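S.K.:
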Amino acid sequence: MKIEIPISWDWHKQEEGEVIVDIPESKCKEIVRHFLMKKDYHLRREWLVENVPEINLNVPV
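For the sequence shown, the working numbering gives the first residue as 7, with consecutive numbering after it.
In structure tokens:
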């Protein structure tokens, strides 16, 4: 997964220094899992419903 992300601030130009990084799929899964596991159940479910198209959670709300 390639994304452009700011990693620094140039005070003279007053702009962010950005790089394009290619994150391996396994690392993306790890990052997303960590992000979601820090949330309570209802917040996880809410985030998934709002951000994942065509999701079927198969759990009672």
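The beta carbon of each residue, even a glycine, is placed where N, CA and C say it ideally should be.
Fair warning: this is a prediction, and the values are worked out from it, not measured in the lab.
Going by the beta-carbon positions, is the gap between E24 and P12 smaller than 7 Å?
M.R.: In this structure, P12 lies closer than 7 Å to E24 by Cβ.
S.K.: Can you grab the Cα-Cα spacing for the pair H48 / I29, in whole Å?
M.R.: Going by the C-alpha atoms only, they are around 28 Å apart.
S.K.: How many Å lie between M43 and K8 at the Cα?
M.R.: Whole-angstrom Cα-Cα distance: 23 Å.
S.K.: May I ask you to report which of helix, strand or coil DSSP gives K35?
M.R.: If DSSP states are grouped into helix, strand and coil, K35 belongs with the helices.
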